[in-house]
Structures are given as C-alpha cells and as structure tokens.
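Data first, discussion second: the structure below is written as structure tokens.
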Amino acid sequence: MTRPRILVLSLGGTITMVPSEGGGIAPKLGAAELVASVPALAEVCEIEARSPFRLPSPSLGADQVVAVAGEIVAGFAAGFDGAVVVQGTDTIEESAFLLDVLVPGDKPVVITGAMRGADAPGADGPANLLSACIVAASGAARGLGTLAVLNYDIHAARFVQKSHTALPSAFLSPLVGPIGAVIERTPQIYARVARAAALNPSAGPPLPVALLKWAMGDDGRLLAAVPDLGYAGLVIEGMGAGHVPASVAPLLGAVAERIPVVLATRAMTGPVFTHTYGYAGGEIDLLARGLIPAGHLSGLKARLLLGLALRDGAGREAVVTAFESYQ
Ligand code: ASP
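Residue numbers (our numbering): 541 to 867.
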C-alpha cells in the first residue's frame with residue numbers, strides 16, 4: 541500500500557537540543573536524526589526530512605517562517621500530501637499562525653516541538669513527532685489549515701497558546717479548547733474551524749509592527765515615538781475587552797492617523813468588544829478614533845497579521861479585510 545508522502549522541516553528548538561560544550565542544551569539534531577529516532581514513523585508515512593534551520597525559536601524570524609511557508613507551498617505542488625514543521629515551543633503559536641495564513645489549500649500542515657530535550661528522561665519529542673506525522677498523513681486533518689500537535693492534543697493555529705514554561709502539557713487553546721486528539725494513533729477531530737483567505741507567501745515577510753501591552757497608570761509616553769521608529773503598524777493589548785486610561789485614547793488616535801493601529805486584549809483570551817463600553821478610553825472611543833479590532837486574535841498573532849496585511853503598500857482597508865475573519 542502506498543503511504544502518504546510527508547515533508548518534515550526542522551527549524552530547531554528543544555526537540556533538537558542536546559547538552560552543549562558551553563553548558564546547557566542547544567540545538568544540534570536535524571530532521572533526519574529526529575525521524576530516525578522514531579522507527580514507528582515508517583508505518584505511518586514516507587518522509588522527506590529537511591533541516592532549513594537549527595535555531596532556538598526565540599531567534600527564529602518571521603521572514604524565515606515565511607520562507608518555510610513558501611517551501612511547503614512548493615512541496616505540495618510537487619506532490620507531498622502533508623507537511624510537518626518541527627521547531628522550538630517558545631514561538632510555536634506565532635509560526636503556526638503564519639503558516640496557517642500563508643499556506644493555501646486542504647493539505648495538512650502540522651507544527652510540533654518538545655518541552656524536554658532530546659536526551660532528557662521522558663523526552664516528549666519522539667511522541668510529538670509521531671503524533672504530528674499521524675495527523676499530517678491523515679485525511680481527517682484535510683481542510684483544517686495549520687494544526688499544532690503536542691502531548692496528543694490537536695490545536696487550531698488561530699487559538700493555540702503556550703501557557704506554561706516547563707510542562708509537556710504547556711499548550712492550550714484557552715478560547716475553545718483543542719479541536720481534537722491523537723488517540724490510539726488515530727486523529728480524532730471534535731470541531732472544525734473555518735479558514736481565513738490565504739495571504740501570499742511570495743509577497744515577503746511581514747512589515748515591522750510594534751506590540752505594546754497596556755498596564756495600570758501607563759501614560760502612553762512611548763506612543764508618539766512609534767511611527768518615527770519605522771514601524772508600519774501598531775498593536776496594543778488593551779485592558780479587558782480593549783480599554784486604556786482616558787488620557788491615552790487621544791494619543792492612540794494620533795498614532796492611528798499615521799499608521800494602522802489594531803486593538804487586542806491583554807486578557808488571556810476572549811474577543812475585544814466593539815459596542816459596549818461608552819467611557820473615554822473604552823473600546824467605542826478607541827474604534828471611533830480609528831483603531832481596528834483584533835477580534836479573538838491574541839496580540840502576538842494580530843501583530844503578524846497586521847504586518848502581512850500591510851505588505852505591497854497596502855493600507856487600512858486591507859487591514860480591516862484581513863481581520864474580518866477573526867471577529
Ligand atoms: N527555548 C526553546 C525554544 O523555543 C523551548 C522549546 O523548544 O521548548 O527553542
């Protein structure tokens with residue numbers, strides 16, 4: 541029987557890390573070594589293993605993930621049935637989101653990593669890689685966009701967040717929960733998430749976007765500097781449903797006259813509001829001053845979407861359109 545052909549791309553992360561000469565663990569293993577360490581993969585799919593990067597994920601840039609998206613698009617055109625991206629867990633939620641909006645079509649893209657190093661007792665990397673390939677090779681995952689698969693859970697890219705620094709169960713989708721699980725080596729999908737229109741990976745990396753979290757008593761003195769620092773846009777994580785101190789609202793309005801400003805929330809999850817609070821600095825005030833609601837996207841994901849939407853000289857209207865799918 542022919543097995544599905546899966547492209548495995550390793551970018552680095554703890555899953556590839558072993559003790560280094562300088563102390564601590566550091567990325568070393570490539571995709572071929574990761575795949576070779578899980579013999580059960582041979583029962584699941586035929587794999588082509590590539591290692592474009594060997595980086596800790598805090599050093600992974602959006603431009604590199606956009607290049608990976610382009611490699612997956614080319615791989616699908618060349619006949620691969622699915623793709624698995626292996627990387628550090630620190631930025632998985634951002635890479636997952638980028639891949640979700642940049643890779644069109646129904647073929648599954650699955651991202652995974654590990655919380656324990658490759659040499660650690662109870663290393664979770666091999667089980668996660670096996671689960672990721674099972675999902676990528678499965679018809680059940682078609683049409684779901686990019687999925688993050690760790691600890692047997694299957695998360696949709698738009699919802700997944702790293703929620704703990706240490707536990708193998710670090711990944712949650714606080715808004716809706718995981719959309720499935722890998723049970724007895726079979727993906728069980730409990731909910732299907734509608735996909736947003738794909739953006740073009742060949743249009744390049746996201747433009748630079750600043751991300752500011754609002755804190756009690758912050759008078760907004762950083763705001764005036766943002767447009768002159770070369771940022772193409774700004775995302776703010778407001779308080780609660782999308783609020784700032786009254787005195788900050790006009791400062792944000794002044795920035796929004798120069799560059800697009802997206803309103804997200806610093807709360808762990810939930811959408812920003814659009815028409816409930818009428819006080820100065822509330823969401824009605826901020827939206828009237830030109831801010832664009834992030835919907836249920838986190839600040840991290842909203843920052844990437846804003847940067848992608850602004851490519852090719854696009855302006856505010858393109859941003860509003862890009863965020864419509866997340867309201
Ligand atoms: N610091 C590591 C990284 O993101 C953490 C991990 O992979 O779990 O590369």
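Just so you know, even glycine gets a beta-carbon here, dropped at the ideal spot from N, CA and C.
Which word fits residue i, buried or exposed, when buried means at least 16 other C-beta atoms lie within 10 angstroms of its C-beta?
i	result
Pro767	buried
Thr816	exposed
Gly770	exposed
Leu732	Looking at the sequence provided, one finds Arg at residue 732 rather than Leu. The residue in question, Arg732, is exposed, as its Cβ has fewer than 16 Cβ neighbours within 10 Å.
Thr726	exposed
Glu777	buried
Asp621	buried
Pro833	buried
Pro741	buried
Asp664	buried
Pro800	buried
Asp825	buried
Ala868	This structure cannot speak to residue 868, because the chain is shown only from 541 to 867.
His704	exposed
Ala696	buried
To the nearest angstrom, how far is the alpha carbon of residue i from that of residue j?
i	j	result
Arg806	Met779	6 angstroms
Leu574	Thr556	7 angstroms
Ala828	Gly793	9 angstroms
Leu638	Gly757	33 angstroms
Leu747	Gly853	10 angstroms
Leu848	Ser838	15 angstroms
Leu670	Pro598	24 angstroms
Val788	Gly821	7 angstroms
Leu850	Phe813	24 angstroms
Ala862	Arg682	23 angstroms
Gly628	Val606	16 angstroms
Asp603	Leu751	18 angstroms
Asp759	Val548	47 angstroms
Ala654	Gly553	8 angstroms
Lys841	Val775	10 angstroms
Glu561	Pro567	12 angstroms
Leu595	Pro790	41 angstroms
On a Cα-Cα basis, can you pick out the residue from the options that is closest to residue i?
i	options	result
Arg698	Tyr692, Val795, Glu633, Ala672	Glu633
Ala796	Val859, Ala737, Leu844, Lys841	Val859
Leu690	Ala696, Leu850, Ala672	Ala672
Arg798	Ala765, Tyr866, Met808	Ala765
Arg761	Ser635, Pro741, Pro785, Val558	Pro785
Ala706	Leu581, Ala842, Val643, Arg656	Arg656
Val749	Gly662, Ser591, Pro592, Leu803	Leu803
Gly570	Pro559, Val584, Arg590	Arg590
Pro648	Asn668, Val625, Pro718	Val625
Ile587	Tyr819, Arg543, Pro559	Arg543
Lys702	Pro745, Met808, Asp825, Arg843	Met808
Asn668	Ser678, Leu684, Ala688, Ala677	Ala688
Ile729	Tyr692, His704, Ala755	Tyr692
Leu684	Pro718, Arg735, Ala660	Arg735
Ala888	Val700, Ala658, Ile651, Asp659	This structure does not reach residue 888, given that the chain is present from 541 up to 867, and the question cannot be answered.
Write down the C-beta distance between residue i and residue j rounded to the nearest angstrom, noting that I regard them as a contact closer than 8 angstroms.
i	j	result
Ala781	Glu823	6 angstroms
Ile546	Ala623	7 angstroms
Val527	Leu831	Residue coverage of the chain in this structure runs from 541 to 867, which leaves residue 527 outside it and unanswerable.
Phe616	Gly645	6 angstroms
Thr686	Val643	7 angstroms
Val558	Ala658	5 angstroms
Tell me whether residue i counts as near the ligand NAD, meaning its Cβ is closer than 8 angstroms to at least one heavy atom of that ligand.
i	result
Arg725	With respect to the ligand NAD, the structure offers nothing, as its ligand set consists of the ligand ASP.
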